[in-house]
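One structure below.
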Amino acid sequence: MRVTGKATTPSLGTQGLADTSAFPGRHFLFKTSSGSTPLFSSSSPGYPLTSGTVYTPPPRLLPRNTFSRKAFKLKKPSKYCSWKCAALSAIAAALLLAILLAYFIAMHLLGLNWQLQPADGHTFNNGIRTVPWSLKNSSIDSGEAEVGRRVTQEVPPGVFWRSQIHISQPQFLKFNISLGKDALFGVYIRRGLPPSHAQYDFMERLDGKEKWSVVESPRERRSIQTLVQNEAVFVQYLDVGLWHLAFYNDGKDKETVSFNTVVLDSVQDCPRNCHGNGECVSGLCHCFPGFLGADCAKAACPVLCSGNGQYSKGACQCYSGWKGAECDVPMNQCIDPSCSGHGSCIDGNCVCSAGYKGEHCEEVDCLDPTCSSHGVCVNGECLCSPGWGGLNCELARAQCPDQCGGHGTYLPDTGLCSCDPNWMGPDCSVEVCSVDCGTHGVCIAGACRCEEGWTGAACDQRVCHPRCIEHGTCKDGKCECQEGWNGEHCTIGRQTTGTETGTYCFIFINPGTPRSKSPNIGPFQTW
Numbered sequence: 001m002r003v004t005g006k007a008t009t010p011s012l013g014t015q016g017l018a019d020t021s022a023f024p025g026r027h028f029l030f031k032t033s034s035g036s037t038p039l040f041s042s043s044s045p046g047y048p049l050t051s052g053t054v055y056t057p058p059p060r061l062l063p064r065n066t067f068s069r070k071a072f073k074l075k076k077p078s079k080y081c082s083w084k085c086a087a088l089s090a091i092a093a094a095l096l097l098a099i100l101l102a103y104f105i106a107m108h109l110l111g112l113n114w115q116l117q118p119a120d121g122h123t124f125n126n127g128i129r130t131v132p133w134s135l136k137n138s139s140i141d142s143g144e145a146e147v148g149r150r151v152t153q154e155v156p157p158g159v160f161w162r163s164q165i166h167i168s169q170p171q172f173l174k175f176n177i178s179l180g181k182d183a184l185f186g187v188y189i190r191r192g193l194p195p196s197h198a199q200y201d202f203m204e205r206l207d208g209k210e211k212w213s214v215v216e217s218p219r220e221r222r223s224i225q226t227l228v229q230n231e232a233v234f235v236q237y238l239d240v241g242l243w244h245l246a247f248y249n250d251g252k253d254k255e256t257v258s259f260n261t262v263v264l265d266s267v268q269d270c271p272r273n274c275h276g277n278g279e280c281v282s283g284l285c286h287c288f289p290g291f292l293g294a295d296c297a298k299a300a301c302p303v304l305c306s307g308n309g310q311y312s313k314g315a316c317q318c319y320s321g322w323k324g325a326e327c328d329v330p331m332n333q334c335i336d337p338s339c340s341g342h343g344s345c346i347d348g349n350c351v352c353s354a355g356y357k358g359e360h361c362e363e364v365d366c367l368d369p370t371c372s373s374h375g376v377c378v379n380g381e382c383l384c385s386p387g388w389g390g391l392n393c394e395l396a397r398a399q400c401p402d403q404c405g406g407h408g409t410y411l412p413d414t415g416l417c418s419c420d421p422n423w424m425g426p427d428c429s430v431e432v433c434s435v436d437c438g439t440h441g442v443c444i445a446g447a448c449r450c451e452e453g454w455t456g457a458a459c460d461q462r463v464c465h466p467r468c469i470e471h472g473t474c475k476d477g478k479c480e481c482q483e484g485w486n487g488e489h490c491t492i493g494r495q496t497t498g499t500e501t502g503t504y505c506f507i508f509i510n511p512g513t514p515r516s517k518s519p520n521i522g523p524f525q526t527w
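Here the sequence shown is numbered in full-length UniProt numbering, starting from 1 and rising by one per residue.
What follows is the structure, encoded as structure tokens:
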């Protein structure tokens, strides 16, 4: 560029640099003569160049908005959701669908229903308006019911059906109630005032879906609550007065219910006297553990001690009021009612006739069990000591000294007896055994003859029951059972047999008469 007195005319090169119109939006870097002050030029003209100006090309071009104010503003968030947001949205949608699906399944399977009850008292069932059936105070009153007459009423859900019964004298009243198999009712009874859910004297819950006990005979009172063709039965003792009866329908549908009442003269007799396997209370059998049924005739398998005792150490420990090896005999009865034909049963004990003994009079005894204290009783016969005779050893036998008791030789020279082997004494009347026979035996022919109930060489060991040898071993009067057998005499056995029709459990109470129970065939069978 040249400088003259005339107007300064930039040269082509300088003009080209000064003219930034060709580069709109660009900045160019210039240096002064000192080379230390940077100058920024915009696209607008008006920045004259002096003669000392030296142009230095910029190292690079910088965009306008690099240092602009807009570059420091926060960026707008993206209009699209991040992957986390998308995942949460998907989970929420899936959860909502699952809730809706569960709701519709429950509505379909369980028959659930929703109702809206506006202020005017009309019912809306799933949005559909129906005719109002609710009566005042949600109850139906049919007045007084006569004893013996059947009354029928259709009861809507959530409604009480009320009636009254007048009782002129205290009595047991049997209620026979017919209802549907899907019905669910609460029966409330109260004297003097109408009953409610919280105030009543008696309450019975009747559920048509429950499997109540089936009555085998219409003349028998089987249980507090039974079912025969949707017939529920219960008995209550009602005193003199006006009794209010209320049936509450706790189901979801209308149900037709009917009932009648019957006066019972007595409710003390139980069916078949509970077979001796339960307690009779107000005409109803309360079975002992191990027995089932309205008359306590069915037994579970296996049954030890008949459910009337605890099995401990190979024997049954009977509860109070029971006895016998199986605890199956009431205390006021004899285990063998006939007492083996040799006695009489009196107050649960056998009183034996002369010549018999034992708990059931099954053992032969001597007419005088002590044999007059001069002998021992063996198999019902007295074995007398030397010098005594008779049926009961009551006769003293005179012996001559020279006879030496028949067991020796008399020596006239000495006047003494020379006894035979195994005999001793002045008159050779005392037999000698290898052992002392003690108080439960006598020495006969060199061996001890023991009393009944005792055994051993010295008659010092008790004898076990004869049936012990069938499934056990006798040791000093106690029977040690083989594996699989229990009881005092090893007569209680258990054996499980699997078949194509089920598993049978056998309980051998007596030899040859097993009783069995299978889950497929019902109660015990005996053959």
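Cβ coordinates follow ideal geometry from the N, Cα and C atoms, glycine included.
How many whole angstroms separate the CB atoms of residue i and residue j, which I take to be in contact at a CB cut-off of 8 Å?
{"i": "residue 304", "j": "residue 298", "result": "So it is not a contact: roughly 16 Å between Cβ atoms."}
{"i": "residue 233", "j": "residue 174", "result": "7 Å"}
{"i": "residue 443", "j": "residue 404", "result": "Their Cβ separation, rounded to whole angstroms, is 17 Å, which puts residue 443 and residue 404 out of contact at 8 Å."}
{"i": "residue 419", "j": "residue 393", "result": "Rounded, the Cβ-Cβ distance is 23 Å, inconsistent with contact."}
{"i": "residue 276", "j": "residue 330", "result": "6 Å"}
{"i": "residue 271", "j": "residue 285", "result": "7 Å"}
{"i": "residue 243", "j": "residue 177", "result": "15 Å between Cβ atoms; not a contact."}
{"i": "residue 361", "j": "residue 382", "result": "Contact flag wrong, Cβ pair sits at about 19 Å."}
Once DSSP output is grouped into helix, strand and coil, what is the label at residue i?
{"i": "residue 339", "result": "helix"}
{"i": "residue 571", "result": "Absent from the structure is residue 571, since the part of the chain shown begins at 1 and ends at 527."}
{"i": "residue 331", "result": "coil"}
{"i": "residue 470", "result": "helix"}
{"i": "residue 319", "result": "coil"}
{"i": "residue 286", "result": "strand"}
{"i": "residue 482", "result": "coil"}
{"i": "residue 344", "result": "strand"}
{"i": "residue 164", "result": "strand"}
{"i": "residue 248", "result": "strand"}
{"i": "residue 450", "result": "strand"}
{"i": "residue 395", "result": "strand"}
{"i": "residue 403", "result": "helix"}
{"i": "residue 308", "result": "coil"}
{"i": "residue 232", "result": "strand"}
{"i": "residue 143", "result": "strand"}
{"i": "residue 377", "result": "strand"}
{"i": "residue 190", "result": "strand"}
Please report how far the alpha carbon of residue i lies from the alpha carbon of residue j, in whole angstroms.
{"i": "residue 421", "j": "residue 432", "result": "8 Å"}
{"i": "residue 104", "j": "residue 179", "result": "31 Å"}
{"i": "residue 254", "j": "residue 150", "result": "19 Å"}
{"i": "residue 141", "j": "residue 163", "result": "6 Å"}
{"i": "residue 359", "j": "residue 458", "result": "26 Å"}
{"i": "residue 167", "j": "residue 187", "result": "18 Å"}
{"i": "residue 451", "j": "residue 375", "result": "10 Å"}
{"i": "residue 170", "j": "residue 201", "result": "15 Å"}
{"i": "residue 463", "j": "residue 322", "result": "26 Å"}
{"i": "residue 351", "j": "residue 407", "result": "43 Å"}
{"i": "residue 144", "j": "residue 199", "result": "20 Å"}
{"i": "residue 364", "j": "residue 354", "result": "9 Å"}
{"i": "residue 469", "j": "residue 347", "result": "33 Å"}
{"i": "residue 461", "j": "residue 320", "result": "32 Å"}
{"i": "residue 471", "j": "residue 368", "result": "35 Å"}
{"i": "residue 482", "j": "residue 490", "result": "8 Å"}
{"i": "residue 465", "j": "residue 493", "result": "17 Å"}
{"i": "residue 279", "j": "residue 310", "result": "19 Å"}
{"i": "residue 423", "j": "residue 430", "result": "6 Å"}
{"i": "residue 389", "j": "residue 395", "result": "5 Å"}
With a threshold of 16 other CB atoms inside 10 Å of the CB of residue i, please say whether the residue is buried or exposed.
{"i": "residue 295", "result": "buried"}
{"i": "residue 184", "result": "buried"}
{"i": "residue 148", "result": "exposed"}
{"i": "residue 544", "result": "Residue 544 lies beyond the residue range present for the chain, which begins at 1 and ends at 527; the question has no answer from this structure."}
{"i": "residue 413", "result": "exposed"}
{"i": "residue 385", "result": "buried"}
{"i": "residue 436", "result": "exposed"}
{"i": "residue 237", "result": "exposed"}
{"i": "residue 326", "result": "buried"}
{"i": "residue 357", "result": "buried"}
{"i": "residue 440", "result": "buried"}
{"i": "residue 454", "result": "buried"}
{"i": "residue 487", "result": "buried"}
{"i": "residue 91", "result": "exposed"}
{"i": "residue 101", "result": "exposed"}
Verify the contact flag: residue i, CB atom, against every heavy atom of the ligand SAH, threshold strictly below 8 Å.
{"i": "residue 202", "result": "The ligand SAH is not part of the structure shown, which contains no ligands of any sort."}
Task: Stretch-stretch touch, CB-based, cutoff 8 Å, three pairs: the region 152-166 with the region 238-258 - done: yes
- [ ] Could you say if the region 309-322 and the region 333-347 meet the contact criterion of at least three C-beta pairs nearer than 8 Å?
- [x] no
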